[in-house]
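Here the structure is laid out as structure tokens; the discussion comes afterwards.
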Ligand code: C2E
Ligand code: CA
Ligand code: CA
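In my numbering, the protein residues as written are 34 to 650.
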């Protein structure tokens with residue numbers, strides 16, 4: 034536009050000056066002044082709007098204006114220059130012809146992207162030009178007319194072709210933009226639920242932190258995990274699992290206001306960002322409402338599913354400041370909650386920081402430890418209460434660290450599992466346990482705890498098998514204990530590992546039974562030889578009817594499955610009596626003995642009541 038108006042003005046004033054001494058003032062001076070004013074208005078308008086991106090509507094209106102204006106401009110310019118024509122001699126008239134032709138060509142080139150305007154200018158100049166100068170009868174003017182006619186036709190073609198290329202390029206760009214938008218969706222949204230994905234969540238989290246830093250505000254991050262989703266997926270198939278996740282996404286979204294953000298981080302893990310809540314109690318309450326919404330049954334076409342959800346929360350900036358810290362700590366609160374209780378909300382607190390620090394210290398000490406020296410195995414008897422006979426000992430790890438002192442396996446095994454060190458620990462402990470077991474009577478079994486990691490690869494499993502074969506203890510005397518949580522990771526892998534141990538001749542016990550989320554189908558799919566009822570059901574067995582019922586039905590289940598059942602954590606005479614009523618025979622717990630050092634195993638006797646009281650402390 035600015036180039037076009039500059040050409041127009043310069044050319045018009047050049048022609049005006051040529052005619053300044055012969056044409057009347059209104060014609061040579063006032064008319065170009067009028068043009069100049071008009072061009073100035075247009076140029077100022079262009080200058081002001083040059084950085085603005087117009088809406089489609091404004092752009093459309095501007096293009097229409099340009100078309101109308103170009104028509105008016107051409108008409109006045111032609112009329113003006115032809116009006117000057119009679120006031121000059123032949124050379125001055127040639128100037129008029131030159132002005133019309135050159136200005137016309139310049140303007141047409143500038144208007145290429147507005148083809149209608151370009152056509153109007155081409156036709157609007159060439160027709161009056163040709164008809165006027167041809168009618169002069171002068172050979173040079175007639176030749177010029179023919180020239181201008183030919184150039185005009187060429188220009189029409191050029192504009193036509195050029196515009197086709199131009200609109201093609203615009204088209205391609207729109208398609209590219211649409212593709213970019215689609216890519217954005219793919220990169221930032223979760224295809225299954227339509228929620229934001231992990232990547233978008235962290236991007237948003239970083240932005241939220243920046244904003245909160247600037248305006249000193251607070252917000253909360255929540256991580257939600259469904260309890261027992263994996264077994265549902267395994268049992269009903271992925272189609273049902275997918276539909277369930279979509280419904281879960283809907284329920285979480287519906288439980289939040291529009292300022293909150295929900296994302297699916299992967300699997301059955303969801304994350305939320307919450308801004309509006311009064312205080313930590315209100316926040317926890319809001320979290321509980323979300324979990325309560327997820328507790329309602331899901332009525333899917335295939336089946337009705339009821340599950341529970343756990344949630345970990347952390348508040349910025351109280352206990353976490355960076356995106357990574359917020360995520361890790363909300364996740365820590367969640368895992369901690371899941372370990373102790375199924376379902377519900379946990380808010381990351383000061384005490385958790387100490388736990389994390391302790392775990393870090395443990396990890397460090399484990400890395401620096403001389404494990405061969407520092408690790409020992411204690412043995413806790415499993416007694417057949419009916420015959421008052423010891424049938425087995427469970428090997429339990431003991432670690433005395435020169436730095437941290439005695440650390441309980443409940444603390445260091447989970448740390449070793451997270452750091453991947455547990456496989457080394459297992460092999461060391463198994464070797465020590467097997468070497469003790471070689472000295473025991475042949476009818477006493479060894480029970481040994483395996484962790485998920487030990488079962489998750491063929492390589493680690495083969496090392497375990499090799500140790501057993503080398504030990505001199507018959508595989509048929511060994512029970513390996515696995516927990517329900519082990520199955521939650523990769524059921525198929527666990528099953529094939531476990532089958533291999535079974536083929537070797539070992540027994541297989543399901544540990545901490547009742548605390549996990551395994552389905553009966555999965556239990557039947559494993560070649561189990563024992564289940565071990567978790568201590569949490571036994572502790573208040575004789576006083577709490579709910580625990581009594583659970584133990585009763587678990588004992589019935591083991592009879593149905595025709596496998597042994599060990600009751601763990603039996604401490605009191607009262608619990609013993611309740612168990613004998615229910616028909617629980619195999620007992621492990623402080624009632625008989627705490628885990629014993631290697632050298633006390635041989636002297637242990639279930640009948641020895643005095644010693645028993647001493648042992649149980
Ligand atoms: P677990 O396999 O369920 O072992 C039983 C735990 O309950 C032992 O704790 C035992 O000392 C304790 N216990 C037994 N009877 C009673 C009782 O009457 N009252 C009370 N209050 N506690 C009782 P410990 O030795 O501290 O082991 C804790 C957990 O650490 C074990 O739970 C097991 O999951 C893990 N663990 C121990 N040793 C190993 C190991 O060698 N490998 C693996 N992977 N995990 C191990
Ligand atoms: Ca165990
Ligand atoms: Ca147990």
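Where a beta carbon is used, it is the ideal one built from N, C-alpha and C, also for glycine.
Point to revise | Endpoints, beta strand (DSSP E) assigned at residue 343 | key: 341-349
Check your understanding: Out of curiosity, what's the CA-to-CA distance linking residue 85 and residue 145?
Key -> 22 Å
Review point. Does residue 257 come within less than 8 Å of chain B when only Cβ atoms are used?
Key: Judged by its chain identifiers, the structure shown contains no chain B, having just a single protein chain.
Check your understanding: Quick check: the stretch 35-54 against the stretch 63-70, are there 3 or more CB pairs under 8 Å?
Key -> yes
Exercise for review: Would you check whether ligand 2 has a heavy atom nearer than 7 Å to the C-beta of residue 514?
Suggested key: yes
Exercise for review: Report yes if the C-beta of residue 427 is less than 7 Å from at least one heavy atom of ligand 2; otherwise report no.
Suggested key: yes
Check your understanding: Does ligand 3 have a heavy atom nearer than 7 Å to the CB of residue 565?
Key -> yes
Exercise for review: Report buried or exposed for residue 118, applying the criterion of at least 16 other Cβ atoms within 10 angstroms of its Cβ.
Suggested key: buried
Review point. Taking 7 Å as the line, does the beta carbon of residue 216 fall inside it for any heavy atom of ligand 2?
Key: no
Check your understanding: What does residue 423 pair with, by DSSP beta-bridge criteria?
Key -> 416
**Study point:** Residues near residue 596 by beta carbon distance below 8 Å, same chain, minus five either side
**Key:** 561, 562, 563, 564
Exercise for review: Would you kindly work out how many angstroms separate the C-alpha atoms of residue 266 and residue 342, rounded to a whole number?
Suggested key: 15 Å
Practice item. Check whether the Cβ of residue 573 lies closer than 7 Å to any heavy atom of ligand 1, and answer yes or no. Key: no
Check your understanding: What is the DSSP secondary structure of residue 434, reduced to helix, strand or coil?
Key -> strand
Point to revise | Terminal residues of the beta strand (DSSP E) in which residue 254 lies | key: 252-260
Practice item. Entirely within the stretch 520-587 and at least 3 residues each: give me those beta strand (DSSP E) ranges in chain order. Key: 540-546, 563-566
**Study point:** DSSP state of residue 355 mapped onto helix, strand, coil
**Key:** coil
Exercise for review: Go ahead and pull the three-state DSSP assignment for residue 512.
Suggested key: strand
Exercise for review: Identify whether residue 291 lies in helix, strand or coil by the three-state DSSP scheme.
Suggested key: coil
Check your understanding: Should residue 544 be listed as close to ligand 2, given that the test is whether its C-beta is under 7 Å from any heavy atom?
Key -> yes
**Study point:** Pairwise C-alpha distance: residue 444 and residue 375
**Key:** 20 Å
Exercise for review: Pick out whichever of 566, 113, 366 has its Cα sitting closest to the Cα of residue 257.
Suggested key: 366
Point to revise | Proximal residues to residue 260 (C-beta, below 8 Å), its chain only, five neighbours per side dropped | key: 340, 341, 342, 343, 371, 375, 376, 550
Exercise for review: Quick one: measure Cβ to Cβ for residue 277 and residue 333, integer angstroms, because I've assumed they're closer than 8 Å.
Suggested key: 7 Å
Check your understanding: Whose CA, out of 380, 369, 274, lies closest to the CA of residue 319?
Key -> 380
Review point. DSSP state of residue 312, grouped into three classes?
Key: coil
Practice item. Run the CB neighbour count on residue 197, radius 10 Å, all protein chains shown included, and call it buried at 16 or more, exposed below. Key: exposed
Point to revise | Same chain, Cβ closer than 8 Å to residue 506, neighbours up to 5 away in sequence not counted | key: 467, 470, 471, 479
**Study point:** Pick from 594, 556, 611 that is closest to residue 582, judged by C-alpha positions
**Key:** 611
Review point. Which residue spans inside the stretch 112-175 form an unbroken beta strand (DSSP E) run of at least 3?
Key: none
Review point. What's the C-alpha gap between residue 316 and residue 322?
Key: 10 Å
Review point. Under 8 Å, do residue 355 and residue 306 count as touching if we go by C-beta distance?
Key: no
Review point. Is residue 577 near ligand 2, in the sense that its beta carbon is under 7 Å from a heavy atom of that ligand?
Key: no
Practice item. Can you tell me which of the three DSSP states residue 618 falls into? Key: coil
Exercise for review: Using only the heavy atoms of ligand 5, determine whether one of them is closer than 7 Å to the beta carbon of residue 601.
Suggested key: Absence of ligand 5 from the depicted structure is noted, with ligand 1, ligand 2 and ligand 3 being the only ligands included.
Check your understanding: Hey, would you say residue 170 sits closer than 8 Å to residue 154, going by beta carbons?
Key -> no
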